[in-house]
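The structure under discussion appears below in the form of structure tokens.
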Amino acid sequence: MTPRRSGAPVVARLAAGLAGFAIAFGMVSGMAAPALDFTAGEKRRILRHGPWPPALAPNPSNRVSGKPAAIAFGRALFFDPRLSVSGTVSCASCHRPDRAWTDGLPRSRGHRTVDRNALSLFNLRFNRWFGWDGAQDTLWAQNLRPLLDPREMGVGPGGAAQLVRSDRELSCGYRRAFGAAPGADDERVFVDLGKALAAFLETQVTGRTLFDEFRDALALGDAAGMARYPAAARRGLALFIGRGNCAFCHFGPAFTNGEFADAGVPHFIEPGRVDSGRLGGIRKLRRSPYTLLGSFNDDAQRSTAAKTRHVRLRQSNFGEFRVPGLRNVALTAPYMHAGSLGTLADVVRHYSTLDEERLHAGGERILRRLDLGAREQADLVAFLETLTEKKPLHEATMKSGNAMCR
Amino acid sequence: MGPWRLGGPVLAAALALVLTADRAAACPRPQGWTGGAELAGELWTAWWRPEPAPIPVSAHFSIRFHLCGPPVDRVRVSGWMPDHRHGMNYRPAVSLNGLSGTAEGLLFHMPGRWRLILDVRGAAGREKLTAETVLE
Ligand code: HEC
Ligand code: HEC
Numbered sequence: 001m002t003p004r005r006s007g008a009p010v011v012a013r014l015a016a017g018l019a020g021f022a023i024a025f026g027m028v029s030g031m032a033a034p035a036l037d038f039t040a041g042e043k044r045r046i047l048r049h050g051p052w053p054p055a056l057a058p059n060p061s062n063r064v065s066g067k068p069a070a071i072a073f074g075r076a077l078f079f080d081p082r083l084s085v086s087g088t089v090s091c092a093s094c095h096r097p098d099r100a101w102t103d104g105l106p107r108s109r110g111h112r113t114v115d116r117n118a119l120s121l122f123n124l125r126f127n128r129w130f131g132w133d134g135a136q137d138t139l140w141a142q143n144l145r146p147l148l149d150p151r152e153m154g155v156g157p158g159g160a161a162q163l164v165r166s167d168r169e170l171s172c173g174y175r176r177a178f179g180a181a182p183g184a185d186d187e188r189v190f191v192d193l194g195k196a197l198a199a200f201l202e203t204q205v206t207g208r209t210l211f212d213e214f215r216d217a218l219a220l221g222d223a224a225g226m227a228r229y230p231a232a233a234r235r236g237l238a239l240f241i242g243r244g245n246c247a248f249c250h251f252g253p254a255f256t257n258g259e260f261a262d263a264g265v266p267h268f269i270e271p272g273r274v275d276s277g278r279l280g281g282i283r284k285l286r287r288s289p290y291t292l293l294g295s296f297n298d299d300a301q302r303s304t305a306a307k308t309r310h311v312r313l314r315q316s317n318f319g320e321f322r323v324p325g326l327r328n329v330a331l332t333a334p335y336m337h338a339g340s341l342g343t344l345a346d347v348v349r350h351y352s353t354l355d356e357e358r359l360h361a362g363g364e365r366i367l368r369r370l371d372l373g374a375r376e377q378a379d380l381v382a383f384l385e386t387l388t389e390k391k392p393l394h395e396a397t398m399k400s401g402n403a404m405c406r
Numbered sequence: 407m408g409p410w411r412l413g414g415p416v417l418a419a420a421l422a423l424v425l426t427a428d429r430a431a432a433c434p435r436p437q438g439w440t441g442g443a444e445l446a447g448e449l450w451t452a453w454w455r456p457e458p459a460p461i462p463v464s465a466h467f468s469i470r471f472h473l474c475g476p477p478v479d480r481v482r483v484s485g486w487m488p489d490h491r492h493g494m495n496y497r498p499a500v501s502l503n504g505l506s507g508t509a510e511g512l513l514f515h516m517p518g519r520w521r522l523i524l525d526v527r528g529a530a531g532r533e534k535l536t537a538e539t540v541l542e
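Line order of the protein sequences matches chains A and B. Taking the numbering used here, the leading residue of the first sequence gets 1, the next gets one more, and so forth. Taking the numbering used here, the leading residue of the second sequence gets 407, the next gets one more, and so forth.
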């Protein structure tokens with residue numbers, strides 16, 4: 001099954017030829033690296049982190065996915081603090097547009113402090129699971145969680161439905177999004193709010209980055225394009241797909257395989273209380289009425305429900321957390337499920353000095369103590385920074401306001 | 407380096423051809439199949455193929471299989487990464503119709519070497535047929 005092994009020498013020769021060409025024409029400056037020294041295998045591994053952005057398709061489990069009126073309604077809901085029992089907390093309290101949809105805190109605070117770090121809201125439409133523990137299998141179900149949790153917003157189905165029915169602008173927004181006035185069934189209206197919020201959040205796809213320019217130049221054999229990628233980032237990339245083993249988990253265009261792992265981050269919430277991570281997540285999923293297997297899925301065929309039907313619970317899920325995507329990662333500090341690491345340099349140091357004894361208890365053998373030197377650590381950070389947009393899209397989105405029912 | 411790189415696969419392919427030709431009589435490729443691979447054990451031989459093919463990394467796929475050998479009561483399908491010592495995060499569901507079947511809900515969640523395991527059981531005994539594949 002190994003594809004085209006005999007092709008390697010040809011590619012290598014071609015690469016050598018191009019490098020010669022680049023040098024001859026003075027394209028390789030002292031600052032930029034000779035960009036063509038990746039092997040054929042490395043090149044394949046780099047290319048699979050793109051192209052970006054991927055094709056966008058509506059989500060079949062949500063009948064208003066991609067609908068402009070639902071996007072406008074969802075945006076209004078996102079910033080509305082009346083969706084909390086106190087009237088003071090909105091989604092944007094913890095997912096701030098000016099902070100790349102996070103709050104900058106190790107652990108978020110609504111009415112009370114929660115156990116985990118606020119996840120950023122970019123590229124959600126590509127997720128398989130939602131939340132650090134994957135307790136939700138759709139974006140719309142994830143959006144209901146803070147409305148149910150009294151520590152966050154806690155308005156609940158009754159309170160939320162009542163607000164939408166009684167407020168002129170919200171009920172108008174609902175009608176435009178769903179084609180009918182909010183009905184008498186609180187739970188139906190409540191789930192629809194999750195779906196409108198999902199339509200809005202699906203629009204938050206990160207833009208092109210320096211890495212994408214490099215990756216596409218590599219795909220085209222464009223030496224000049226490749227030479228524009230900083231040398232440190234290129235060395236960091238080689239570590240990421242090579243000795244660092246990072247790309248086993250941070251795989252594909254979004255830099256996550258969408259699954260769960262124990263990355264050696266302590267899971268004590270406070271002395272005597274642990275976060276069971278994925279183990280608790282699967283249990284919650286199985287108890288929830290808001291899944292792809294339940295009656296709120298708008299897709300009669302259940303065409304995206306295989307993951308929920310087949311997901312498997314094992315004791316080794318204890319202490320596993322979702323592998324986060326790394327696009328725009330430079331904007332979303334602090335890091336890890338409880339915000340225990342303050343900077344990207346801290347994260348890289350964590351992987352470099354990992355406690356293997358603790359990790360290998362479960363038997364997994366991907367993460368190793370890397371013992372990276374200072375320059376290698378800086379290179380990895382430089383690479384991670386090139387996964388971040390120069391000009392994040394969300395700012396423009398926010399300025400457009402919400403002309404919902406005017 | 408050049409001749410070695412080319413020589414390995416070519417020799418292996420030639421050898422595989424000889425072996426396949428020998429067994430083909432015992433377990434022919436199922437009717438209507440163009441691709442697929444053969445897995446020979448002591449009691450059973452299987453033809454299997456993934457859908458979609460090739461197996462994608464970190465996306466759901468299913469497999470179809472056809473067994474030659476004594477009657478089968480039950481087949482379990484699983485995956486294992488020998489280098490990392492972990493299996494799949496999903497439990498496939500197998501539907502069996504005589505000696506043919508499908509397994510749905512498989513997902514190989516990272517690149518690298520994976521072992522596909524068909525655990526076959528019947529009155530004649532139990533056998534694990536395994537195939538290895540490297541996902542890139
Ligand atoms: C109190 C702070 C807080 C509030 C308020 C809040 N969130 Fe969150 N959000 C979080 C935290 C913390 C997480 C991670 C939760 C977990 O893994 O258990 C999260 C996770 C998410 C995710 C999952 C992202 C992913 O990658 O899986 C989405 C989507 C989300 N929130 C949307 C919303 C919406 C919509 C609202 C308003 C209805 C909202 N949040 C209100 C703190 C908050
Ligand atoms: C075995 C899978 C795995 C490997 C290998 C891996 N990671 Fe991670 N990564 C994770 C998981 C899981 C988390 C979240 C852990 C947690 O919060 O407990 C994470 C978190 C991160 C974060 C923080 C992101 C955020 O938003 O909080 C960064 C950055 C990161 N990894 C980079 C790397 C780099 C660089 C490497 C290689 C040196 C690497 N990872 C290797 C699974 C992995």
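All C-beta atoms, glycine included, are put in the ideal place defined by N, C-alpha and C.
Given the structure, does residue i come close to ligand 2, in the sense that its CB is under 7 Å from one of the ligand's heavy atoms?
i, result
"A:H250", "yes"
"A:T353", "no"
"A:L367", "yes"
"A:F78", "no"
"A:D49", "Asp is not the amino acid found at residue 49 of chain A; the sequence shown has His there. For ligand 2, not one heavy atom lies less than 7 Å from the Cβ of A:H49."
"A:F240", "yes"
"A:A254", "no"
Would you list the one or two residues that DSSP bridges to residue i?
i, result
"A:D37", "For A:D37, which the question treats as bridged, DSSP gives no partner whatsoever."
"B:Q437", "Per DSSP, none; premise fails for B:Q437."
"B:W454", "B:A443, B:F471"
"B:D525", "B:R482, B:K534"
"A:T138", "DSSP, once it has assigned bridges, lists no residue as partnering A:T138."
"A:F268", "A:V274"
"B:M487", "B:H492"
"A:Y351", "Answer is none; A:Y351 lacks a bridge partner."
"A:Y174", "Note: A:Y174 sits in no beta bridge, so no partner."
"A:Y335", "A:L341"
"B:G507", "B:F471, B:L502"
"A:V323", "Answer is none; A:V323 lacks a bridge partner."
Any heavy atom of ligand 1 closer than 7 Å to the CB of residue i?
i, result
"A:A118", "yes"
"A:W132", "yes"
"A:R109", "yes"
"A:P106", "no"
"A:L285", "no"
"A:E270", "no"
"B:M494", "no"
"A:H95", "yes"
"A:V455", "Here chain A comprises residues numbered 1 to 406, so residue 455 of chain A is not present and cannot be evaluated."
"A:V89", "yes"
"A:Q142", "yes"
"A:L210", "no"
Could you name the residues of chain B that residue i contacts, counting a contact when the two beta carbons are closer than 9 Å?
i, result
"A:R107", "Within chain B, no residue comes near A:R107; the closest Cβ sits about 27 Å away, beyond 9 Å."
Could you round the C-beta distance between residue i and residue j to whole angstroms and report it? I think they count as a contact, below 8 Å.
i, j, result
"A:D355", "A:G319", "Contact flag wrong, Cβ pair sits at about 13 Å."
"A:Y229", "A:F214", "4 Å"
"A:V164", "A:L193", "7 Å"
Of all the options the options, which has the alpha carbon lying nearest to the alpha carbon of residue i?
i, options, result
"B:R482", "B:W453, B:V463, B:V500", "B:V500"
"B:G504", "B:R527, B:L541, B:E533, B:P488", "B:R527"
"A:A254", "A:I46, A:A40, A:E42", "A:I46"
"A:D185", "A:R314, A:L197, A:P157", "A:P157"
"A:T304", "A:D379, A:N62, A:K43, A:P54", "A:N62"
"A:E385", "A:A345, A:Y351, A:G87", "A:A345"
"A:L279", "A:D299, A:L372, A:N317, A:R243", "A:N317"
"A:T387", "A:R234, A:P334, A:G244", "The sequence shown places Leu at residue 387 of chain A, rather than the Thr named in the question. The option with the nearest alpha carbon to A:L387 is A:R234."
"B:H466", "A:G373, A:T343, A:G258, A:H350", "A:G258"
"A:A415", "A:R116, A:N328, A:A199", "Absent from the structure is residue 415 of chain A, since the part of chain A shown begins at 1 and ends at 406."
What in chain B is Cβ-close to residue i, meaning under 8 Å?
i, result
"A:R273", "Correct list: empty, because the minimum Cβ distance to chain B is about 26 Å."
"A:N257", "V463, S464, H515, M516"
"A:G252", "V463, S464"
"A:R44", "E542"
Along chain B, in chain order, which residues have C-beta atoms closer than 7 Å to that of residue i?
i, result
"A:A248", "At residue 248 of chain A the sequence reads Phe, which differs from the Ala that was named. Under the 7 Å cutoff, chain B gives M516, P517, G518."
"A:I366", "H490"
"A:R82", "What A:R82 touches in chain B: nothing, since even the nearest Cβ is about 39 Å away."
"A:R228", "Here the premise fails: no neighbours, minimum Cβ distance about 27 Å."
Interface residues of chain A around residue i at Cβ under 9 Å?
i, result
"B:A499", "R309, H310"
Given that residue i touches chain A, what residues does it touch there, using C-beta distances under 7 Å?
i, result
"B:G511", "A306, R309, H310"
"B:N503", "Within chain A, no residue comes near B:N503; the closest Cβ sits about 20 Å away, beyond 7 Å."
Is residue i close to chain C, meaning its C-beta is less than 8 Å from at least one C-beta of that chain?
i, result
"A:P146", "The structure shown contains no chain C; its protein chains are A and B."
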